[in-house]
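Contents: one structure, followed by commentary.
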Amino acid sequence: MSRRALTLMVAGFLTLVLGVVGALLPVPYVVLSPGPTENTIGDVKGKPVISIEGHETYPTDGKLSLVTVAYQGGPGNRIDLFSALRGWIDPTIAVVPEETIFPPTSTAEEVEQQNTQEMTNSQDDATAAALTELKIPYTSVVTVASTQKGFPADGKFKTGDEIVSVDGVPATDRESVSGIVRKHKAGETVTFTVNRGERSMTVAVPTVAAKDGTPIVGITMRISYKFPFKVKINVGDVGGPSAGMMFSLGIVDKLTPGGMTGGKSIAGTGTITPEGKVGPIGGIQQKMVGARRSGATVFLAPADNCAEAVKAVPDGMKLYRVATLHDAVKAIDVIRTGTGTVPACSAG
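So the sequence shown is numbered by the working numbering: it starts at 248 and just counts up by one.
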């Protein structure tokens, strides 16, 4: 073999090795793909997704499915370049920068914990929205979600404490509590009346100055609800807030006579507020693909996701626009009866 041929062969081999090694190196991207679906009026692992105690329920039929997105990658578990390239080629998959899923200041464990908390919150909000739609009264209360380590509230409050009043003023929402605390100067004491289980107690906490000088005590608050009956939601290993609307629809279906879907397979997604406003979510294209693969022929999309969703509607699926839970209930009624019209998603 000539020296020139040998040189070319060695160079080609080294190029191949470097290419393979480079392709196997981890890259800071996350692959998003269609995830599993769950029928909110069905069962998961032999248990109802939604169970209701203390109120009459009615038989349901068809499917009202929540949809999910599966992901690969992230800190400590990065994908290689080959996996990213496969994702870029597959139209049903999205490849996004790692920081869009995992903020630089958060660990994978912290993101997972946040997703779990968002799922819990969305279930409560979904129940509140369903009862609002059905005009069933309930009450809301301000509760302690957590305390910040090293701040005055640490050790004085427990997660779940209900804040009844602050300096004698009723706690109507989180803003009212924060507003009273901010009226104090750093070092002054704020007096909270809280319910801890069946016990009412007074908690006196001094304020400290935050980095911007705002007086704080170091508590994170959330709105909790007192419902007239028990609603339990079981979805297994699913996180995030995007199933809120579908939970609400499942609850409404179980609490009203007659099957809502008329036997049809309907899927959808969207966050929900207690007032019933449907909010946008991520991964809409992957969620529609997952829904179609599970047999859904109708997809309810948040109004703010419509422009993105219409670009990738799977064959055999109709895409409808909803801005509120009431919109979604009306849409399903039209789909079931075939009478009336439902706003379709548009690119505009």
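Glycine included, every Cβ here is placed at the ideal spot set by N, Cα and C. In this text the structure is predicted, and so the values were computed from the model without any measurement.
Asked: Using DSSP with H/G/I as helix, E/B as strand and the rest coil, what is V428?; Found: helix
Asked: Give a yes or no on whether the C-beta atoms belonging to I470 and T374 are separated by under 9 Å.; Found: no
Asked: What's the gap between the Cα of V391 and the Cα of A400?; Found: 10 Å
Asked: Locate the beta strand (DSSP E) running through V482, then write down its first and last residues.; Found: From DSSP, V482 is part of no beta strand (DSSP E); its letter is neither H nor E.
Asked: Taking just the CA atoms, how far does S387 sit from T588?; Found: 35 Å
Asked: Between which residues of its own chain and D580 is the CB-CB distance below 7 Å, once the five residues before and five after are set aside?; Found: none
Asked: Write down the C-beta distance between V413 and I427 rounded to the nearest angstrom, noting that I regard them as a contact closer than 8 Å.; Found: 4 Å
Asked: Kindly indicate which three-state DSSP category F398 falls into: helix, strand or coil?; Found: coil
Asked: Could you tell me whether the Cβ atoms of V291 and V482 are closer together than 9 Å?; Found: yes
Asked: Need the endpoints of the beta strand (DSSP E) that S298 sits in, please.; Found: 297-300
Asked: Using the Cβ count rule (16 or more neighbours within 10 Å means buried), how would you classify D308?; Found: exposed
Asked: Report the option in K294, S280, L279 whose CA atom is closest to the CA atom of N286.; Found: K294
Asked: With a cut-off of 8 Å on the beta carbons, I'd call D495 and A376 a contact; round off their distance for me.; Found: The question names Asp, yet the displayed sequence has Ser at residue 495. With a Cβ gap of about 5 Å, S495 and A376 count as contacting.
Asked: Tell me, please, which residues DSSP counts as bridged to I582.; Found: Answer is none; I582 lacks a bridge partner.
Asked: Where does P590 fall in DSSP's three states?; Found: coil
Asked: What residues in its chain sit with their C-beta under 7 Å from that of V536, if we drop five residues either side in the sequence?; Found: P281, T339, P561
Asked: Need the endpoints of the alpha helix (DSSP H) that E555 sits in, please.; Found: 553-556
Asked: Starting from S495 and walking both ways along the alpha helix (DSSP H), at which residues does that stretch end?; Found: 491-502
Asked: Over what stretch of residues does the alpha helix (DSSP H) that includes G505 continue unbroken?; Found: Run containing G505: none; DSSP gives neither H nor E here.
Asked: Considering Cα atoms alone, identify which of P590, T347, L378, E365 is closest to K477.; Found: L378
Asked: Can you tell which of P306, G301, F404 has its C-alpha closest to the C-alpha of K501?; Found: P306
Asked: In terms of DSSP beta bridges, what is Q319 paired with?; Found: V278
Asked: Is the CB-CB distance between M366 and V277 below 9 Å?; Found: no
Asked: Using the Cβ count rule (16 or more neighbours within 10 Å means buried), how would you classify T449?; Found: exposed
Asked: Excluding the 5 residues preceding and the 5 following H302 in the sequence, name in chain order all residues of the same chain whose CB lies nearer than 8 Å to its CB.; Found: P475, F476, L502
Asked: Return the residue from the list Y385, A543, A451 that minimises the CA-CA distance to I410.; Found: A451
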